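Note sheet for the following structure.
There are 2 protein chains.
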Amino acid sequence: MEKIVVALGGNALLNAAGKQRESSEIKTAEKAMAHVAEFAGRSNAQIVITHGNGTQVGDELLRNEFTEAKVPKLPLYLLNAETQGSIGSVLEIALRNAFAKRGIEKEVCTVLTHVIVDGKDTAFRKPAKPVGPFYSKEKLDSVLSKERFSYVKEKKGYRRVVPSPFPRGIVEIDAIKNELARGRVVIAAGGGGIPVMRKSNAYKGVDAVIDKDLASMVLANAIGAKTLAILTDVDFVYRDYKNRKGAIKTITAKEAKRMLPYLEEGTIKPKVEACMGFVEGGENRVSYIGNLSMLKDVLEGKAGTKIYK
Amino acid sequence: MEKIVVALGGNALLNAAGKQRESSEIKTAEKAMAHVAEFAGRSNAQIVITHGNGTQVGDELLRNEFTEAKVPKLPLYLLNAETQGSIGSVLEIALRNAFAKRGIEKEVCTVLTHVIVDGKDTAFRKPAKPVGPFYSKEKLDSVLSKERFSYVKEKKGYRRVVPSPFPRGIVEIDAIKNELARGRVVIAAGGGGIPVMRKSNAYKGVDAVIDKDLASMVLANAIGAKTLAILTDVDFVYRDYKNRKGAIKTITAKEAKRMLPYLEEGTIKPKVEACMGFVEGGENRVSYIGNLSMLKDVLEGKAGTKIYK
Chain A
1183 MEKIVVALGG
1193 NALLNAAGKQ
1203 RESSEIKTAE
1213 KAMAHVAEFA
1223 GRSNAQIVIT
1233 HGNGTQVGDE
1243 LLRNEFTEAK
1253 VPKLPLYLLN
1263 AETQGSIGSV
1273 LEIALRNAFA
1283 KRGIEKEVCT
1293 VLTHVIVDGK
1303 DTAFRKPAKP
1313 VGPFYSKEKL
1323 DSVLSKERFS
1333 YVKEKKGYRR
1343 VVPSPFPRGI
1353 VEIDAIKNEL
1363 ARGRVVIAAG
1373 GGGIPVMRKS
1383 NAYKGVDAVI
1393 DKDLASMVLA
1403 NAIGAKTLAI
1413 LTDVDFVYRD
1423 YKNRKGAIKT
1433 ITAKEAKRML
1443 PYLEEGTIKP
1453 KVEACMGFVE
1463 GGENRVSYIG
1473 NLSMLKDVLE
1483 GKAGTKIYK
Chain B
1183 MEKIVVALGG
1193 NALLNAAGKQ
1203 RESSEIKTAE
1213 KAMAHVAEFA
1223 GRSNAQIVIT
1233 HGNGTQVGDE
1243 LLRNEFTEAK
1253 VPKLPLYLLN
1263 AETQGSIGSV
1273 LEIALRNAFA
1283 KRGIEKEVCT
1293 VLTHVIVDGK
1303 DTAFRKPAKP
1313 VGPFYSKEKL
1323 DSVLSKERFS
1333 YVKEKKGYRR
1343 VVPSPFPRGI
1353 VEIDAIKNEL
1363 ARGRVVIAAG
1373 GGGIPVMRKS
1383 NAYKGVDAVI
1393 DKDLASMVLA
1403 NAIGAKTLAI
1413 LTDVDFVYRD
1423 YKNRKGAIKT
1433 ITAKEAKRML
1443 PYLEEGTIKP
1453 KVEACMGFVE
1463 GGENRVSYIG
1473 NLSMLKDVLE
1483 GKAGTKIYK
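Respectively, the protein sequence lines represent chains A and B. Take the position in the first sequence, starting the count at 1, then add 1182; the result is the number in my numbering. Take the position in the second sequence, starting the count at 1, then add 1182; the result is the number in my numbering.
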């Protein structure tokens, strides 16, 4: 049976749970899941859905820090666990409803997923994963005066960064495979997974946020997927990403590698790297980067950038 | 294969994730999971672990309300989803480590669980489920001046209450059964489940906190369990609960029913009701209420109160 990993990212989707109360944002999840349902209804493929949590885990961090004096604070790794719950719930319900609306008898389940990292990963010394809201320079100064954290400057403003170690394995891989084999769409590795390290035969939570595209690559490898589709808020990988010029429709991993130095860090670059790593990890694999709102077309190879070996 | 539902409750365990950072509290989860591992290592039973979230979901409510002006607020039903993630992670890791330490090759997985409620349940008009911290009378007044919510007076102080509708079905029941059949210990229905109602063929989140003992009863019925064990911070059901006198070792559901009016609301009463409902729902069923720290003895029928038909 063909296996597909669909990675949902970008603010497009992620606001869905972050501002859940506004119906406009639940609708983003509903729209994306309508695409998945339509694709799944016509395909026999086993489908895993992964998602990012940059916005939400940043919100949780702020909530915990602002109320530290009044409410017991949770460590960052458990905040990832929280967002797997909240975003997983929004996506699962949206997908179940999308199936029901179309009379498609398919089940969905969300598996809490821990992802193994190396406690000595150099990423712990150099926080690089942007989380939470964008700040103006002035706002940032006032936030920094109270909360001490690392940050980066992005196009939309300044943003906090946290360590983002490389994912090395999926703890619950057997459970995920088992559910897929029963025909369920599985939501897994949300937010890149809950980071854990191994120490003398035991797991231990690690405070970090794993890149969800890289985690999706590791998951796709582990289940033996033939397709990895990374959905975001751009239509294509562009040769000139800043100006959205020179849309790439197909590209080999080798060619993509030559482009890497020119791609934007933290946005499009890790997605291209995840696709490259995936297609180079085995034969007859294909990966896509495309727009969330075109999800079905991307999965059918009609839209987005196709990266192959 | 015999099936067992183990419901973990009481502050004893629940603080484990609430103040995760303090190693003393992670240890509570580790101790409880050591009992489960020892029992599971000697038994062929399929085991589901459920847990409460009274403390944690109350903490999340406070965090969201205190920071409402700065961070987008999440609705209560998604806060339940968050606690399934954080508590589920703490329990799963503790149980995996307990198995590894004992050389027991058993897998664990945590399934995000939605529980169906009736949108017209009278519970929505009469909030009754205590969540979050205990307040002194003075503290309560200052909290109430800002946050308007219902509360009850318990032995340890005043406590906020939220609606707690009756659980009517487990959405992910097939996935849970599937994982059990593969020999995995399944952590499910955390915090009583994420409450959803059905409306014109679609699920919709509902702001409430379902009683985890009643949800455990519904889950135990749905998987065809023969044993329901509810673990808490008392050794027995007592005839005189207030003064912990007249420990009951065995009691029939009929006898228990006669005691109900004299049992404390919100603490021991729903546990006895859940046990009664379970044993009366089928033949050859047995239920236990006992101390979390005696989990293995309770599961083996050597400690706690046994309720049978």
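Each residue gets a CB set at the ideal place from its N, CA and C atoms; glycine is no exception. Just so it is clear, the structure is predicted and the values come from calculations on it, not from any experiment.
Counted as a single uninterrupted DSSP element, the stretch harbouring D1356/A is not any beta strand (DSSP E) but the alpha helix (DSSP H) occupying residues I1355 to A1363.
Here the alpha carbon of G1301/A sits roughly 11 Å from the alpha carbon of S1346/A. Taken through DSSP and simplified to helix, strand or coil, F1348/B comes out as coil. The segment 1343 to 1360 of chain A makes no contact with the segment 1417 to 1430 of chain A: fewer than 3 CB pairs, one atom from each, lie closer than 8 Å. With a minimum length of 4 residues, the unbroken runs of alpha helix (DSSP H) contained wholly in the segment 1379 to 1440 of chain B fall at 1394 to 1405. Within the segment 1258 to 1271 of chain A, the residues whose Cβ lies closer than 9 Å to any Cβ of chain B are, in chain order, Y1259, L1260, L1261, N1262, A1263, E1264, T1265, Q1266, G1267, S1268, I1269, G1270 and S1271. For I1229/A, no Cβ of chain B is located within less than 7 Å of the residue's own Cβ. For E1455/A, the enclosing alpha helix (DSSP H) starts and ends at I1450 to E1462. At a Cβ-Cβ threshold of 7 Å, P1312/B and V1297/B do not count as neighbours. Interface with chain B (7 Å Cβ-Cβ cutoff): D1389/A is excluded. The beta-bridge partner set that DSSP reports for L1190/B consists of H1233/B and L1413/B.
Separation of the CB atoms of G1191/A and D1479/A is rounded to 17 Å, and the pair is thereby denied contact status at 8 Å. Comparing alpha-carbon positions, the option among V1378/B, E1242/B, D1241/B and T1249/B lying closest to L1244/A turns out to be T1249/B.
As a beta-bridge residue in DSSP terms, P1312/A pairs with V1343/A. Taking a cut-off of 8 Å for Cβ pairs, the segment 1210 to 1220 of chain A and the segment 1273 to 1281 of chain A touch, as three or more such pairs fall below it. Within chain A, the residues placing a beta-carbon under 8 Å from that of V1378/B are I1275, ordered along the chain. In this model, I1229/A and S1469/A are separated by some 14 Å (Cα to Cα).
The three-state secondary structure of E1274/B, taken from DSSP, is helix. Under the DSSP assignment, K1478/A falls in the alpha helix (DSSP H) whose first and last residues are L1477 to L1481. For T1432/B, the closest C-alpha among the options G1375/B, G1472/B, V1253/B and K1408/B is that of G1472/B.
Proximity of T1292/A to chain B, defined by a Cβ-Cβ separation below 7 Å, is satisfied. Residues of the segment 1339 to 1359 of chain B with a Cβ closer than 8 Å to any Cβ of chain A, in chain order: V1353, E1354, D1356 and A1357. A1214/B is positioned such that its CB atom lies closer than 7 Å to that of L1474/B. Excluding residues up to 5 positions away in sequence, Y1423 and K1424 lie with their Cβ nearer than 8 Å to the Cβ of E1446/A in the same chain. The Cβ atoms of A1407/B and V1239/B do not sit closer than 7 Å to each other. A direct Cα-Cα distance of roughly 51 Å separates N1235/B from E1437/A.
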